[in-house]
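Student:
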Amino acid sequence: MEKGDYHQAKYYLQNGSIKRYLNILKLLAGYHYSRSLKKPHQWGLPASISIEPTTACNLGCPECPSGLKQFTRPQGNLNQKTLALLLDEIGDTLQYITFYFQGEPFIHPNMVGLIEEAAKRKIFTATSTNAHFITEKMADDIVSSGLGKLIISIDGTTQQVYEQYRKKGKIDKVIEGTRRILEARKKTGSVFPLVYFQFLVVKPNEHQIADVQKLGDEMGVDGVLFKTAQVYSYENGNSLIPTIDKYSRYKKGPDGKWSIKNKLLNQCWKMWQSSVVTWDGRIVPCCFDKDADHEMGQLGKQPFKDIWHGAAYRNFRQALLKSRSEIEICKNCSEGTTVWA
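My numbering numbers the first residue of the sequence shown as 26 and each following residue consecutively.
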């Protein structure tokens with residue numbers, strides 16, 4: 026077990042409850058029962074949830090609706106009252122919150138307050154950032170907020186390579202922000218937040234895989250995560266698809282056409298154990314529904330529990346169990362088939 030994994034597991038043990046453990050058992054039982062019958066049964070509440078602080082972003086990354094400014098849904102910032110409303114209802118069964126969906130979280134004017142709202146309820150929290158907004162004060166505030174995990178996107182170790190995907194970004198700011206958060210954490214003697222570099226492997230940066238691992242070791246981050254890239258237009262190839270097969274979601278067929286490598290099995294653990302909340306309180310099934318095309322309901326209009334067990338969610342799970350390949354947001358998915366995510 027990696028050091029970071031150990032500390033995260035320890036957090037769960039120290040902050041767990043009978044209600045949270047029983048909820049996970051209900052989720053597992055409902056998931057496997059549903060798979061066996063090919064009919065959805067949901068007996069628990071989500072153990073993890075992704076919440077969108079903001080849709081705004083300072084970068085212009087390709088393949089990202091935030092960066093390309095191509096959202097079809099409204100844009101804005103999460104109201105802390107919306108978060109409190111959700112946590113008042115299901116906070117005692119939640120184990121994990123990711124404060125990220127689209128956008129750069131630390132553009133939110135009170136991102137630290139959002140983290141504190143969840144952390145005070147003993148929920149493990151994580152977020153993903155491009156680190157451009159981590160000032161010395163912000164680093165201190167992040168560490169004191171109770172954040173459990175900070176994932177820092179670093180898709181290159183030199184400016185020339187980094188900016189090929191992270192348009193408008195500065196690698197120096199990423200390094201500087203990382204150093205500040207590590208120094209702030211060291212001052213408190215805490216192991217949290219666990220700090221990870223995340224390297225989105227694309228063709229322009231794949232030659233720097235070893236370099237980013239070395240950089241992470243030198244700086245003292247808790248690990249380096251390598252992520253495969255989703256591209257929207259892949260059938261005829263794409264300049265972002267890496268040549269290293271291990272890091273590619275796609276494969277080239279005998280006819281010269283490209284397809285996703287992942288087999289779209291008619292199952293998805295994420296549809297039973299997690300959910301996504303947009304900044305304005307819309308509930309959507311997963312992070313691939315970037316434009317909220319499959320809205321299940323909206324906080325403030327309905328209780329979350331009614332949405333989670335409601336007809337829209339039930340119909341979506343049924344469609345997935347019947348033929349996942351017919352659901353548009355599932356067609357480019359590389360996740361969701363494992364029993365625990």
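Idealized CB from N, CA, C, for every residue including glycine.
1. Just the Cα atoms here: how many angstroms apart are GLU320 and VAL309?
2. The beta strand (DSSP E) with LEU250 in it runs from where to where?
3. Can you give me the C-alpha to C-alpha distance between ILE285 and ARG274, rounded to a whole angstrom?
4. Can you list, in chain order, the residues of its chain with a C-beta nearer than 6 Å to that of LYS347? Leave out the 5 residues immediately preceding and following it.
5. Nearest CA to the CA of ILE74: which residue from LEU103, TYR46, LEU119, LEU50?
6. Under three-state DSSP, which class holds TYR275?
7. I believe TRP297 touches TYR46 by the beta-carbon criterion, under 8 Å. Please report the beta-carbon distance rounded to the nearest angstrom.
8. Quick one: what's LYS174 bridged to in DSSP?
9. Kindly provide the ranges of any alpha helix (DSSP H) runs that are 4 or more residues long and lie completely inside the stretch 88-140, ordered along the chain.
10. From what residue to what residue does the alpha helix (DSSP H) around SER59 run?
11. Using the rule of at least 16 other Cβ atoms within 10 Å of the residue's Cβ for burial, across every protein chain shown, is ALA13 buried or exposed?
12. Could you give the C-beta distance for GLY128 and GLU188, rounded to a whole number, given that I count them as a contact under 8 Å?
13. Given 8 Å as the limit, is there contact between the stretch 133-147 and the stretch 63-71, that is, 3 or more CB pairs closer than that?
14. From THR363 to GLY245, what does the alpha carbon distance come to, in whole angstroms?
15. Report yes if the CB atom of ASN230 is closer than 8 Å to the CB atom of GLY194, and no otherwise.
Tutor: This is what the structure gives:
1. 5 Å
2. 248-253
3. 6 Å
4. none
5. LEU119
6. strand
7. That pair is no contact at about 16 Å.
8. ALA151, LEU219
9. 90-93, 105-115
10. 43-62
11. With the chain covering 26 to 366 only, the question about residue 13 has no answer from this structure.
12. Going by Cβ atoms, the distance from GLY128 to GLU188 rounds to 20 Å, so no, they are not a contact pair.
13. no
14. Model confidence at THR363 stands at a pLDDT of 42, short of 50, so the residue's coordinates are unreliable and nothing is read from them.
15. no
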